[in-house]
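For the sequence shown, the positions run 13 to 266 when this note's numbering is used. Backbone N, C-alpha and C fix where the C-beta goes; we use that ideal spot for every residue, glycine too. Everything numeric in this text was worked out from a predicted model, so none of it was measured.
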Amino acid sequence: MNHFVYEGKKVFYKETGSGKPLIFLHGNTASSRMFEQISDKYSKDFRVILIDFLGHGKSDRLDVFPSDLWFYEAQQIIAFLKEKQYQDVNIIGSSGGAMVAINIALEAPKLVNKIIADSFEGEFSSSIFTQNLLKDRENAKNNAGARGFYEYMHGSDWEQIVDNDTSAIIRHQKEIGHFFHKQLESLETDILLTGSTEDKFMYSISDHYYEKVYGDIVSKIKNGSIHLFSKGDHPAIISCFQEFYPLSIDFLLS
(Lines of atoms letter the chains of each structure in order from A and count residues from 1; the text may use other names and numbers.)
(Lines give C-alpha, C1' and ligand atoms only; values in the text may rest on other atoms or scores of the structure.)
Protein backbone atom coordinates (compact mmCIF):
# COMPACT_ATOMS: atom_id res chain seq x y z
CA MET A 1 0.00 0.00 0.00
CA ASN A 2 1.13 3.55 -0.72
CA HIS A 3 1.54 5.89 2.23
CA PHE A 4 3.04 9.27 2.93
CA VAL A 5 4.00 10.41 6.42
CA TYR A 6 2.35 13.37 8.13
CA GLU A 7 3.43 14.30 11.66
CA GLY A 8 4.95 10.85 12.10
CA LYS A 9 1.84 8.95 11.01
CA LYS A 10 1.11 7.09 7.78
CA VAL A 11 -1.58 8.40 5.45
CA PHE A 12 -2.88 5.90 2.89
CA TYR A 13 -3.40 6.88 -0.74
CA LYS A 14 -4.01 5.16 -4.07
CA GLU A 15 -3.40 6.51 -7.58
CA THR A 16 -4.83 5.31 -10.90
CA GLY A 17 -5.02 6.69 -14.42
CA SER A 18 -2.94 9.47 -15.96
CA GLY A 19 -3.16 13.17 -16.70
CA LYS A 20 -3.95 16.14 -14.46
CA PRO A 21 -4.36 15.01 -10.83
CA LEU A 22 -7.91 14.71 -9.48
CA ILE A 23 -8.12 14.03 -5.76
CA PHE A 24 -11.26 12.76 -4.03
CA LEU A 25 -11.82 13.77 -0.39
CA HIS A 26 -14.18 11.69 1.70
CA GLY A 27 -16.66 12.88 4.29
CA ASN A 28 -16.84 12.44 8.04
CA THR A 29 -16.97 8.81 9.27
CA ALA A 30 -16.25 7.64 5.72
CA SER A 31 -13.03 6.74 3.89
CA SER A 32 -11.80 6.72 0.31
CA ARG A 33 -13.65 3.43 -0.16
CA MET A 34 -16.82 5.49 -0.64
CA PHE A 35 -15.44 6.46 -4.07
CA GLU A 36 -14.23 3.02 -5.20
CA GLN A 37 -17.28 2.32 -7.35
CA ILE A 38 -17.11 5.64 -9.23
CA SER A 39 -13.45 6.64 -9.42
CA ASP A 40 -12.58 4.36 -12.35
CA LYS A 41 -14.70 6.45 -14.70
CA TYR A 42 -12.62 9.52 -13.90
CA SER A 43 -9.32 7.70 -14.47
CA LYS A 44 -9.96 7.89 -18.22
CA ASP A 45 -9.36 11.64 -18.07
CA PHE A 46 -7.36 12.21 -14.86
CA ARG A 47 -4.75 10.80 -12.54
CA VAL A 48 -7.19 9.86 -9.81
CA ILE A 49 -6.03 10.01 -6.19
CA LEU A 50 -7.97 8.38 -3.37
CA ILE A 51 -6.78 9.19 0.13
CA ASP A 52 -7.78 8.39 3.72
CA PHE A 53 -7.45 11.20 6.25
CA LEU A 54 -5.58 10.27 9.40
CA GLY A 55 -7.80 8.32 11.77
CA HIS A 56 -9.82 6.82 8.89
CA GLY A 57 -9.78 3.84 6.55
CA LYS A 58 -6.30 2.42 5.99
CA SER A 59 -4.45 5.38 7.52
CA ASP A 60 -2.94 5.40 11.00
CA ARG A 61 -5.31 6.07 13.86
CA LEU A 62 -5.60 9.11 16.09
CA ASP A 63 -6.52 8.91 19.77
CA VAL A 64 -8.51 12.14 19.48
CA PHE A 65 -9.68 14.13 16.46
CA PRO A 66 -8.86 17.85 16.73
CA SER A 67 -11.75 20.30 17.03
CA ASP A 68 -10.60 22.08 13.87
CA LEU A 69 -10.79 18.78 11.99
CA TRP A 70 -11.42 20.05 8.46
CA PHE A 71 -8.51 22.48 8.61
CA TYR A 72 -6.25 19.75 10.03
CA GLU A 73 -7.25 17.43 7.19
CA ALA A 74 -6.56 20.19 4.67
CA GLN A 75 -3.03 20.47 6.05
CA GLN A 76 -2.54 16.75 5.42
CA ILE A 77 -3.56 17.12 1.77
CA ILE A 78 -1.41 20.22 1.25
CA ALA A 79 1.59 18.31 2.64
CA PHE A 80 0.81 15.39 0.33
CA LEU A 81 0.54 17.60 -2.77
CA LYS A 82 3.82 19.34 -1.96
CA GLU A 83 5.60 16.04 -1.36
CA LYS A 84 4.36 14.70 -4.70
CA GLN A 85 5.09 18.07 -6.36
CA TYR A 86 1.55 18.23 -7.74
CA GLN A 87 0.12 21.56 -8.87
CA ASP A 88 -3.11 22.65 -10.58
CA VAL A 89 -4.91 19.78 -8.92
CA ASN A 90 -8.64 19.29 -9.31
CA ILE A 91 -10.50 18.32 -6.14
CA ILE A 92 -13.87 16.70 -5.55
CA GLY A 93 -14.79 16.83 -1.88
CA SER A 94 -17.94 15.32 -0.46
CA SER A 95 -19.66 16.39 2.77
CA GLY A 96 -16.84 17.09 5.27
CA GLY A 97 -14.37 16.59 2.42
CA ALA A 98 -15.91 19.58 0.67
CA MET A 99 -14.97 21.83 3.59
CA VAL A 100 -11.46 20.36 3.46
CA ALA A 101 -11.25 21.15 -0.27
CA ILE A 102 -12.21 24.79 0.27
CA ASN A 103 -9.64 25.09 3.07
CA ILE A 104 -6.96 23.76 0.72
CA ALA A 105 -7.83 26.35 -1.92
CA LEU A 106 -7.82 29.15 0.66
CA GLU A 107 -4.51 28.13 2.22
CA ALA A 108 -2.59 26.94 -0.88
CA PRO A 109 -4.31 28.43 -3.96
CA LYS A 110 -1.37 27.75 -6.29
CA LEU A 111 -1.84 24.01 -5.80
CA VAL A 112 -5.48 23.96 -6.89
CA ASN A 113 -7.14 24.27 -10.29
CA LYS A 114 -10.86 23.62 -9.73
CA ILE A 115 -13.05 22.33 -6.90
CA ILE A 116 -16.37 20.54 -6.73
CA ALA A 117 -17.73 20.86 -3.19
CA ASP A 118 -20.60 18.43 -2.73
CA SER A 119 -23.30 18.10 -0.04
CA PHE A 120 -21.74 20.08 2.81
CA GLU A 121 -22.83 22.14 5.78
CA GLY A 122 -21.65 25.53 4.56
CA GLU A 123 -19.39 28.21 5.99
CA PHE A 124 -20.55 27.96 9.60
CA SER A 125 -21.51 25.08 11.86
CA SER A 126 -25.14 24.78 12.91
CA SER A 127 -26.33 23.86 16.38
CA ILE A 128 -29.35 22.17 14.80
CA PHE A 129 -27.03 20.15 12.55
CA THR A 130 -25.05 19.03 15.61
CA GLN A 131 -28.18 18.09 17.56
CA ASN A 132 -29.56 16.11 14.63
CA LEU A 133 -26.19 14.45 14.14
CA LEU A 134 -26.09 13.20 17.72
CA LYS A 135 -29.46 11.51 17.27
CA ASP A 136 -28.44 10.13 13.89
CA ARG A 137 -25.18 8.67 15.19
CA GLU A 138 -26.87 6.92 18.11
CA ASN A 139 -29.50 5.46 15.81
CA ALA A 140 -26.82 4.38 13.34
CA LYS A 141 -25.03 2.29 15.96
CA ASN A 142 -28.20 0.23 16.33
CA ASN A 143 -28.78 -0.08 12.58
CA ALA A 144 -27.25 -3.09 10.83
CA GLY A 145 -26.89 -1.24 7.53
CA ALA A 146 -25.08 1.72 9.09
CA ARG A 147 -22.79 -0.53 11.11
CA GLY A 148 -21.98 -2.45 7.93
CA PHE A 149 -21.12 0.80 6.15
CA TYR A 150 -18.79 1.94 8.92
CA GLU A 151 -17.06 -1.43 9.08
CA TYR A 152 -16.62 -1.44 5.31
CA MET A 153 -15.05 2.02 5.49
CA HIS A 154 -12.71 1.36 8.44
CA GLY A 155 -12.66 -2.18 9.75
CA SER A 156 -13.46 -3.56 13.18
CA ASP A 157 -12.54 -0.39 15.12
CA TRP A 158 -15.19 1.69 13.34
CA GLU A 159 -17.07 2.62 16.51
CA GLN A 160 -14.12 4.48 18.01
CA ILE A 161 -13.71 6.41 14.74
CA VAL A 162 -17.37 7.40 14.74
CA ASP A 163 -17.14 8.48 18.39
CA ASN A 164 -13.97 10.48 17.70
CA ASP A 165 -15.68 12.25 14.82
CA THR A 166 -18.83 13.01 16.81
CA SER A 167 -16.73 14.48 19.63
CA ALA A 168 -14.81 16.70 17.18
CA ILE A 169 -18.02 18.01 15.61
CA ILE A 170 -19.50 18.87 19.01
CA ARG A 171 -16.34 20.63 20.17
CA HIS A 172 -16.01 22.52 16.88
CA GLN A 173 -19.57 23.82 17.09
CA LYS A 174 -19.05 24.99 20.68
CA GLU A 175 -15.48 26.31 20.43
CA ILE A 176 -14.96 27.50 16.84
CA GLY A 177 -18.12 27.62 14.75
CA HIS A 178 -16.62 28.45 11.35
CA PHE A 179 -14.93 26.02 8.99
CA PHE A 180 -12.41 28.26 7.24
CA HIS A 181 -9.46 30.26 8.59
CA LYS A 182 -9.49 32.78 5.74
CA GLN A 183 -12.33 34.87 4.37
CA LEU A 184 -14.23 33.34 1.48
CA GLU A 185 -13.87 36.63 -0.36
CA SER A 186 -10.20 35.72 -0.91
CA LEU A 187 -11.08 32.48 -2.74
CA GLU A 188 -10.19 32.74 -6.43
CA THR A 189 -10.45 29.06 -7.40
CA ASP A 190 -13.27 28.04 -9.72
CA ILE A 191 -15.74 26.14 -7.55
CA LEU A 192 -18.98 24.26 -8.21
CA LEU A 193 -21.27 23.62 -5.24
CA THR A 194 -23.53 20.58 -5.60
CA GLY A 195 -26.19 18.85 -3.55
CA SER A 196 -29.60 17.22 -3.71
CA THR A 197 -32.86 18.94 -2.77
CA GLU A 198 -33.90 15.52 -1.41
CA ASP A 199 -30.99 15.46 1.06
CA LYS A 200 -33.05 14.50 4.09
CA PHE A 201 -30.40 15.33 6.66
CA MET A 202 -29.57 18.82 5.45
CA TYR A 203 -33.15 19.81 4.73
CA SER A 204 -34.16 18.67 8.21
CA ILE A 205 -32.17 21.68 9.44
CA SER A 206 -34.26 24.15 7.44
CA ASP A 207 -36.28 24.46 4.25
CA HIS A 208 -34.26 25.51 1.18
CA TYR A 209 -31.08 24.71 3.10
CA TYR A 210 -28.66 24.44 0.18
CA GLU A 211 -30.30 27.28 -1.70
CA LYS A 212 -29.64 29.62 1.22
CA VAL A 213 -26.26 28.35 2.44
CA TYR A 214 -24.75 27.89 -1.01
CA GLY A 215 -26.24 31.19 -2.14
CA ASP A 216 -24.50 32.98 0.73
CA ILE A 217 -21.18 31.40 -0.23
CA VAL A 218 -21.45 32.19 -3.94
CA SER A 219 -22.33 35.80 -3.12
CA LYS A 220 -18.91 36.16 -1.45
CA ILE A 221 -16.64 34.52 -4.04
CA LYS A 222 -15.55 35.41 -7.55
CA ASN A 223 -15.88 32.16 -9.45
CA GLY A 224 -18.63 30.10 -7.87
CA SER A 225 -21.70 28.32 -9.23
CA ILE A 226 -24.39 26.02 -7.84
CA HIS A 227 -26.09 22.90 -9.18
CA LEU A 228 -28.80 21.19 -7.14
CA PHE A 229 -30.16 17.81 -8.22
CA SER A 230 -33.89 17.23 -7.86
CA LYS A 231 -33.42 13.56 -6.91
CA GLY A 232 -31.06 11.62 -4.65
CA ASP A 233 -30.02 12.05 -1.04
CA HIS A 234 -26.74 12.53 0.85
CA PRO A 235 -24.21 12.81 -0.68
CA ALA A 236 -25.26 13.77 -4.19
CA ILE A 237 -22.04 12.48 -5.75
CA ILE A 238 -23.13 8.93 -4.87
CA SER A 239 -26.92 9.12 -4.93
CA CYS A 240 -27.05 11.19 -8.16
CA PHE A 241 -23.95 9.83 -9.87
CA GLN A 242 -25.47 9.32 -13.33
CA GLU A 243 -26.23 13.04 -13.46
CA PHE A 244 -23.25 14.12 -11.35
CA TYR A 245 -20.60 12.50 -13.58
CA PRO A 246 -21.23 14.38 -16.86
CA LEU A 247 -21.75 17.64 -14.97
CA SER A 248 -18.43 17.18 -13.16
CA ILE A 249 -16.53 16.28 -16.33
CA ASP A 250 -17.87 19.32 -18.16
CA PHE A 251 -16.87 21.57 -15.25
CA LEU A 252 -13.40 20.09 -14.69
CA LEU A 253 -12.43 19.95 -18.37
CA SER A 254 -13.85 23.32 -19.45
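Which residue wins for smallest C-alpha separation from residue i, given the options the options?
i, options, result
"M46", "H68, R59 and K56", "H68"
"F77", "S139, R183, L62 and A113", "R183"
"N14", "G20, Y25 and K94", "Y25"
"E200", "L264, V174 and K122", "K122"
"L308", "K22, I50, K21 and G20", "No answer is possible for residue 308: it lies beyond the span of the chain, which begins at 13 and ends at 266."
"Y98", "R59, S168 and F65", "R59"
"I140", "G236, L205 and G189", "G189"
"E44", "K56, G160 and E27", "For the sequence presented, residue 44 should be read as Ser rather than Glu. Minimum Cα distance to S44 is reached at E27."
"A91", "K21, R159 and L146", "K21"
"Y164", "E135, L146, K212 and K70", "K70"
"A117", "G236, L259, I63 and E95", "G236"
"L264", "E85, A110 and K126", "K126"
"I61", "V101, D72 and A86", "V101"
Can you say whether residue i is buried or exposed, counting buried as having 16 or more other CB atoms within 10 angstroms of its CB?
i, result
"E48", "exposed"
"E197", "exposed"
"G207", "buried"
"S216", "exposed"
"F80", "The sequence given here has Asp at residue 80, not Phe. The residue in question, D80, is buried, as its Cβ has 16 or more Cβ neighbours within 10 Å."
"G227", "exposed"
"E150", "exposed"
"E171", "exposed"
"S260", "buried"
May I ask which residues mark the beginning and end of the beta strand (DSSP E) holding residue i?
i, result
"K21", "K21 to G29"
"F263", "Taken as a continuous stretch (DSSP letters only), F263 belongs to no beta strand (DSSP E), being part of the alpha helix (DSSP H) at F253 to L265."
"S237", "G236 to F241"
"R47", "Residue 47 is actually Phe in this sequence, not Arg. Unbroken run through F47: none, as it is neither H nor E."
In the DSSP assignment, what residue or residues form a beta bridge with residue i?
i, result
"H68", "BP columns for H68 are empty, so no partner."
"Y162", "The partner list for Y162 (beta bridge, DSSP) is empty, contrary to what the question assumes."
"N151", "Note: N151 sits in no beta bridge, so no partner."
"Y18", "K21"
"A129", "G105 and L205"
"I35", "I61 and I103"
"F136", "H190"
"V268", "This structure cannot speak to residue 268, because the chain is shown only from 13 to 266."
Can you tell me where the alpha helix (DSSP H) with residue i in it begins and where it stops?
i, result
"T206", "Looking at the DSSP string, T206 is not in any alpha helix (DSSP H); the run it does join, the beta strand (DSSP E), is D202 to S208."
"A120", "A120 -> no alpha helix (DSSP H), and no H or E assigned at all."
"I89", "L81 to K96"
"N176", "W170 to E187"
"G227", "Y221 to K232"
"F213", "K212 to Y215"
Does the stretch 117-132 come close enough to the stretch 231-249 to have 3 or more Cβ pairs within less than 8 Å? Yes, the stretch 117-132 touches the stretch 231-249.
Inspect the CB distances between the stretch 101-111 and the stretch 23-41 and report whether three or more fall short of 8 Å. With a cut-off of 8 Å, the stretch 23-41 and the stretch 101-111 count as touching, because enough Cβ pairs lie within range.
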